[in-house]
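Just so you know, we're using full-length UniProt numbering here: the sequence shown kicks off at 1 and counts up by one.
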Amino acid sequence: MPNIISADQFKKEEVEKILSRSAQMEEECRKGKIEEVLRGKIVACVFFEPSTRTRLSFETAALKLGAKVISAENAMENSSTFKGETIEDTAKMLCSYADVVVIRHPVAGALERAAKVAEKPLVNAGDGANQHPTQGFLDLYTIKKEHGRLTNLNIGFGGDLKNSRTLRSLLPLLRLYEGNKFYFLSPKELELPREFVKELKDHGVQFEELRSLEEALPSLDVLYMTRVQKERFADEKDYEKVKDLFIFKKEHLKKLKSGAIIMHPLPKINEIELEVDQDPRAAYFRQAQNGLYVRMALLCYVLNL
Ligand code: NCD
1 MPNIISADQF KKEEVEKILS RSAQMEEECR KGKIEEVLRG KIVACVFFEP
51 STRTRLSFET AALKLGAKVI SAENAMENSS TFKGETIEDT AKMLCSYADV
101 VVIRHPVAGA LERAAKVAEK PLVNAGDGAN QHPTQGFLDL YTIKKEHGRL
151 TNLNIGFGGD LKNSRTLRSL LPLLRLYEGN KFYFLSPKEL ELPREFVKEL
201 KDHGVQFEEL RSLEEALPSL DVLYMTRVQK ERFADEKDYE KVKDLFIFKK
251 EHLKKLKSGA IIMHPLPKIN EIELEVDQDP RAAYFRQAQN GLYVRMALLC
301 YVLNL
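Here's what the structure looks like:
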């Protein structure tokens with residue numbers, strides 16, 4: 001049974017299939033002729049952490065493919081988790097109602113635990129600071145669509161690299177492709193955890209870690225900005241110290257190549273100046289829209305359709 005728990009689980013061949021299925025979904029949406037391959041299925045979307053895009057794009061994807069949707073937002077307060085139910089028991093129950101269960105949870109590893117008892121495919125819509133594999137796929141799809149390739153690119157990641165689960169899911173997917181160089185741009189406090197640095201070294205990946213945003217900008221084909229993940233800080237004072245350290249400003253646009261793109265998983269708070277939105281290189285709203293096509297493809301993937 002194909003679950004989607006971590007981006008690390010995918011082989012290149014599967015990734016390629018999912019990317020081309022996503023392109024097919026985009027084409028079907030554009031033509032307004034969508035084959036309702038999920039007719040008769042029920043998709044559950046249960047979110048224990050806030051979400052706008054992930055939940056609503058999954059629900060839209062399910063509905064477009066002809067499925068019905070059951071949904072719990074704010075599930076930390078509005079589900080039996082509030083009473084102390086374990087993720088294992090919740091997942092087991094959801095599997096008796098739905099054909100696919102999409103879950104977002106604040107605890108890293110929660111989806112892996114749930115998958116051990118689930119009898120239906122599970123999709124990880126984000127587990128703590130750990131993984132967000134469906135975002136990784138939509139990010140990969142966006143890079144491919146915008147640049148026409150996934151190889152020989154200079155890709156910079158800016159901001160909270162310590163806590164960004166989207167980065168942790170995008171990196172293993174990008175690593176499947178040759179000739180890419182990564183630039184990790186963050187203050188020391190938010191740097192990429194050392195275990196990931198070691199993993200990159202072990203895989204022979206080319207990368208640099210820099211403490212400023214500016215230096216790398218002229219080399220980049222993709223700048224992937226991230227939000228400082230306030231909810232992962234134990235002490236709000238520590239968040240306040242770092243929250244404004246890495247901001248992409250309008251003046252930075254001059255340093256970026258004309259063919260470069262700026263990505264962000266959204267929501268963005270103040271890490272990208274508002275004026276940047278007008279620049280055609282700002283790809284984040286196009287990126288979010290791609291989430292719909294990619295999630296349509298991923299729902300088909302877990303149902304072997
Ligand atoms: C991301 C997440 O939830 O990790 N949001 C999303 O799903 N697009 C990024 C974030 O919240 O900063």
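For every residue, glycine included, the Cβ atom is placed at its ideal position computed from N, Cα and C.
- Spatial neighbours of F246 in its own chain (CB-CB distance under 6 Å, excluding positions within 5 residues in sequence) are listed in chain order as G158, G159, L213.
- Between the C-alpha atoms of V117 and K92 there is a straight-line separation of about 6 Å.
- According to the DSSP assignment, H147 belongs to the alpha helix (DSSP H) that extends over 133 to 147.
- A67 is classed as buried because its beta carbon has at least 16 other beta carbons within 10 Å across all chains shown.
- Taking each of K250, L176, V69, I42 in turn and checking the Cα distance to N152, the smallest one comes out for L176.
- Not one heavy atom of ligand 1 is found less than 6 Å from the C-beta of P50.
- In this structure, P172 has its beta carbon at no less than 6 Å from each heavy atom of ligand 1.
- When the Cα atoms are used, G136 and Y301 turn out to be separated by approximately 15 Å.
- Taking a contact as a CB-CB distance under 8 Å, the pair E191 and E209 counts as one, their CB atoms being some 7 Å apart.
- Of the residues A282, P193, V205, S186, the one whose Cα lies closest to the Cα of V222 is A282.
- Taking a contact as a CB-CB distance under 8 Å, the pair V107 and A72 does not count as one, their CB atoms being some 17 Å apart.
- By a beta-carbon distance limit of 8 Å, Y183 contacts N154. Their separation comes to about 7 Å.
- Distance from the CA atom of E112 to the CA atom of N124, rounded to whole angstroms, is 9 Å.
- With fewer than 16 neighbouring CB atoms inside 10 Å of its own CB, P218 falls in the exposed class.
- A check of alpha carbon separations from I70 across A61, Y97, E49, K83 identifies Y97 as the nearest.
- CA-CA distance, L138 to E36, rounds to 21 Å.
- Under the three-pair Cβ rule at 8 Å, the segment 142 to 149 does not count as touching the segment 229 to 241.
- Here the C-alpha atom of A216 lies approximately 8 Å from the C-alpha atom of G156.
- A straight line joining the alpha-carbon of I272 with that of E251 spans about 11 Å.
- DSSP lists A72, I103 as the beta-bridge partner residues of V46.
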